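One line per chain: the protein sequences are S and V, in this order.
By full-length UniProt numbering, the letter at position 163 of the first sequence is numbered 163, and the numbering carries on one by one without gaps.
By full-length UniProt numbering, the letter at position 104 of the second sequence is numbered 104, and the numbering carries on one by one without gaps.
All residues carry an ideal CB built from backbone N, CA and C; glycine is no exception.
Bear in mind the structure is a predicted one, so any value in this text is a computation, not a measurement.
Report on the following structure.
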Amino acid sequence: MILPRLLSTSRVFSLYHQGWNGSNSARFGRLPEPPVPSCTNLTPHQKRYASTLVLVEHKNSIIAASSLNAIGAAAKVGGPVSALVAGSNADAVAKQLAGVVGLDKVLVVNSAAYDHGLPEVFAPLIKASVENGSFSHVLAAASPFGKNIIPRAAALLDVSPVSDVIEVKSEDTFVRPIYAGNAIATVKSEDKVKLLTVRSTSFAPAVLTGGAATAEAGATAATESGTEWVSEEVVKSDRPELGGAKVVVAGGRALKSGENFEILYNLADKLGGAVGASRAAVDAGFVGNDLQIGQTGKIIAPQLYIAVGISGAIQHLAGMKDSKVIVSINKDPEAPIFQVSDYGLVADLFKAVPELAEKLNK
Amino acid sequence: MKILVPVKRVVDYAVKIRVANGKVDTASVKHSMNPFDEIAVEQAIRLKEAKKATEILAVSIGSTKAQETLRTALAMGADKALHIDTGDSETLPLQVAKLLKAIVDKEKPDLVILGKQAIDDDANQTGQMLAGLLGWPQATFASKVELAADNKKVNVVREIDGGLETVSCAIPAIITADLRLNEPRYATLPNIMKAKKKPLEKLTPKDLGVDYVGKLTTLLVEEPPKRAGGVKVESVDELISKLKEKGLI
Numbered sequence: 001m002i003l004p005r006l007l008s009t010s011r012v013f014s015l016y017h018q019g020w021n022g023s024n025s026a027r028f029g030r031l032p033e034p035p036v037p038s039c040t041n042l043t044p045h046q047k048r049y050a051s052t053l054v055l056v057e058h059k060n061s062i063i064a065a066s067s068l069n070a071i072g073a074a075a076k077v078g079g080p081v082s083a084l085v086a087g088s089n090a091d092a093v094a095k096q097l098a099g100v101v102g103l104d105k106v107l108v109v110n111s112a113a114y115d116h117g118l119p120e121v122f123a124p125l126i127k128a129s130v131e132n133g134s135f136s137h138v139l140a141a142a143s144p145f146g147k148n149i150i151p152r153a154a155a156l157l158d159v160s161p162v163s164d165v166i167e168v169k170s171e172d173t174f175v176r177p178i179y180a181g182n183a184i185a186t187v188k189s190e191d192k193v194k195l196l197t198v199r200s201t202s203f204a205p206a207v208l209t210g211g212a213a214t215a216e217a218g219a220t221a222a223t224e225s226g227t228e229w230v231s232e233e234v235v236k237s238d239r240p241e242l243g244g245a246k247v248v249v250a251g252g253r254a255l256k257s258g259e260n261f262e263i264l265y266n267l268a269d270k271l272g273g274a275v276g277a278s279r280a281a282v283d284a285g286f287v288g289n290d291l292q293i294g295q296t297g298k299i300i301a302p303q304l305y306i307a308v309g310i311s312g313a314i315q316h317l318a319g320m321k322d323s324k325v326i327v328s329i330n331k332d333p334e335a336p337i338f339q340v341s342d343y344g345l346v347a348d349l350f351k352a353v354p355e356l357a358e359k360l361n362k
Numbered sequence: 001m002k003i004l005v006p007v008k009r010v011v012d013y014a015v016k017i018r019v020a021n022g023k024v025d026t027a028s029v030k031h032s033m034n035p036f037d038e039i040a041v042e043q044a045i046r047l048k049e050a051k052k053a054t055e056i057l058a059v060s061i062g063s064t065k066a067q068e069t070l071r072t073a074l075a076m077g078a079d080k081a082l083h084i085d086t087g088d089s090e091t092l093p094l095q096v097a098k099l100l101k102a103i104v105d106k107e108k109p110d111l112v113i114l115g116k117q118a119i120d121d122d123a124n125q126t127g128q129m130l131a132g133l134l135g136w137p138q139a140t141f142a143s144k145v146e147l148a149a150d151n152k153k154v155n156v157v158r159e160i161d162g163g164l165e166t167v168s169c170a171i172p173a174i175i176t177a178d179l180r181l182n183e184p185r186y187a188t189l190p191n192i193m194k195a196k197k198k199p200l201e202k203l204t205p206k207d208l209g210v211d212y213v214g215k216l217t218t219l220l221v222e223e224p225p226k227r228a229g230g231v232k233v234e235s236v237d238e239l240i241s242k243l244k245e246k247g248l249i
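If you want it as structure tokens, here you go:
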């Protein structure tokens, strides 16, 4: 860890007394925290010290799994990590967040204005939170929620955000895929505040219990918005969520119809997995767009990915090529999907998939 | 109602890009309009065809070659085009958003329709940033756009995690198009010819009074790690035994 150069002497001293370096801590006991310097009187040295805010997405008092990955990514930045939770049930979510390992603080904003993730209200809240808490980094998962809000907040702060980060090299250097994952760029940000969205599959999730974060009231910001939330249609499913599933079975155009996806659901259920689809299958109306895997759909990295009747276009590979083991079933032996598959089976999917499901029973 | 549609010239989506000397080789590969921008242009044209919009201005920021992309937009049905020449240097979404804000201030459109992301930098930022800079409402990842009868509001269905969401934005507003919004039309030959006569204005960032320099630099571009070659199995039984060996099932 980088230390004395970035901290004032008194701060180092007090950290030492808190047992920060692990020696003799019991003898000294715990000294009170030094006052947090406000944004206006920071010395350049203090300004460089990382302090990260993670924007937490939640629904029905459940924390989005991807937000836990974002907290995991925040730990890689170094420095204390705070979480920001806003909404009418923020208190209930904050209670759970208090137990998350790696979190120091939970900033709670109780207001129904934040219930539907509207960027018009979240962006000013992030700006106010950054200025109030002098955060050097703001992270959110690269979910539709995070992607919608973070760039707007960055514009308000006049900084360039970094999207879909897959690795944190240092406080200011990040790695992200470009060109549908066919190239990997390392970028350096010299902006005063770094706003990042992080790819969930690239960071281990933070553990939900065992931590001891303190909750406090977050910053306030104007909540008027030119956008009104009207309604939503969310597909209900008992199967594991596509983004977090260990096994994913995905179908393409070759399935021929939505009804035929039943054989994939059957196989997925045997494996305790989720079902996904290629763009072709979504465009053809076989399944809903929320199942699309690829550059413009979901990016997944399960333990086992089974591609059924998917040719393997660049845009699809962008969403699944970090899967641990890829299996493909396709009757065209020349299909590009075989080039990235660990195990390929050249066969008619309508025979092979039911057979596979059947034999998994035994 | 006037609609502004920003379009970007990118490496064609079907091209398998090559990484050489720490950057992506874009010199001799086919370029075309970013696919999401085609959808944005199409949406603007449909609003005009439905007599909701009166004028469509397409704008592109980049080298002089971006003018080809603007001609494509004009051939599809845009009325006028504007090229902001930034030379060969790559522009960051924040730079683009600031230039677009200057254009919005000048041209006063009621709607700006962008693609949700460019398939080269995959940033997915420009629309949101422009909305932030202007203080306008934003409706990202749109799969359906409907203008209210009085043209004061736009109702947008958005693609979100797990399904769809409907929001209503006060106009002026920013919309970013998702794949499902529509199927873009092809430019017909007569329309391509006509497009050559449509007005194409050229400006520089200086003309717009924007001299922002980004603080984000690309240090390195590498090839992604290659996957080790796999094997083809002969039967479902062999597949099952391989997966069992790996402890996957």
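Which residues does DSSP list as the beta-bridge partners of residue i?
i	result
V/Asp120	DSSP, once it has assigned bridges, lists no residue as partnering V/Asp120.
S/Gln292	S/Ala277
V/Gly115	V/Ala177
V/Ser32	V/Val10
S/Trp229	V/Val167
S/His137	S/Thr52 and S/Lys194
S/His58	S/Ile63
V/Val145	V/Val156
If we ignore side chains and look at the alpha-carbon of each, how far apart do residue i and residue j end up?
i	j	result
residue 409 of chain S	S/Glu190	Nothing can be reported for residue 409 of chain S: it is not among the residues displayed for chain S, which extend from 1 to 362.
S/Lys321	S/Ala98	35 Å
V/Pro224	V/Lys197	44 Å
S/Ala245	S/Ser61	21 Å
S/Pro151	S/Asp342	37 Å
V/Leu200	S/Val108	51 Å
S/Pro32	S/Ala213	Confidence at S/Pro32 is low in this model, with a pLDDT of 44, below 50, so its placement is unreliable and the value that follows should be read with caution. Cα-Cα distance, rounded: 16 Å.
V/Lys246	S/Ile300	20 Å
V/Val231	V/Leu181	39 Å
S/Ser231	V/Lys2	28 Å
S/Tyr179	V/Ile119	6 Å
V/Leu94	V/Asp79	26 Å
DSSP three-state label for residue i, please.
i	result
S/Arg199	coil
S/Gly87	strand
S/Leu31	In this prediction, S/Leu31 has a pLDDT of 44, which is less than 50 and means its spatial position is unreliable; what the coordinates show is noted afterwards. Residue state, collapsed to three classes: coil.
V/Arg158	strand
S/Glu355	helix
S/Ala217	strand
V/Glu55	strand
S/His116	coil
S/Pro177	strand
V/Gly62	strand
V/Val41	helix
V/Glu238	helix
S/Tyr265	helix
V/Ile17	coil
S/Asp283	helix
S/Gly243	helix
V/Asp207	coil
Cutting at 8 Å between CB atoms, please list the residues of its own chain near residue i, excluding the five before and the five after it.
i	result
S/Lys359	none
S/Ser38	The predicted model places S/Ser38 with a pLDDT of 44, which falls under 50 and marks its position as unreliable, so this point remains unresolved.
S/Val162	Phe174, Arg176, Val187, Ser189, Lys194, Leu195, Leu196 and Thr197
S/Ala183	Pro177
Exposed or buried, residue i, counting other C-beta atoms within 10 Å across all chains shown (16 or more means buried)?
i	result
S/Ser160	buried
V/Arg18	exposed
S/Ala204	exposed
V/Pro137	buried
S/Asn69	buried
V/Thr64	exposed
V/Val213	exposed
Excluding the 5 residues flanking residue i on each side, which residues of the same chain have their C-beta closer than 7 Å to its C-beta?
i	result
V/Glu38	Pro184
S/Asn41	Caution applies to S/Asn41, whose pLDDT of 43 falls short of 50 and renders its modelled position unreliable; the model cannot decide the point.
S/Trp229	His116 and Leu118
V/Phe36	Gly115, Lys116, Gln117 and Ala177
S/Thr43	Confidence in S/Thr43 is poor, its pLDDT being 42 and thus under 50, which makes the residue's placement too unreliable to answer from.
V/Pro205	Ile84, Thr86, Leu99 and Asp211
V/Gly209	Ala102
Among the residues of its own chain, which have a CB less than 6 Å from the CB of residue i, if the five just before and after it don't count?
i	result
V/Thr69	Val7, Arg9, Met33 and Ser60
V/Val157	Ser143, Lys144, Leu164 and Thr166
S/Ala325	Note that residue 325 of chain S is Val in the sequence shown, not Ala. For S/Val325, where only same-chain residues beyond five positions count, the Cβ hits under 6 Å are Leu304 and Asp342.
S/Ala307	Ala250, Ser328 and Ile337
Do residue i and the ligand SAH come close, with the Cβ less than 7 Å from some heavy atom?
i	result
S/Ser160	For the structure depicted, the ligand SAH is absent and the ligand set is empty, with no information on it obtainable.
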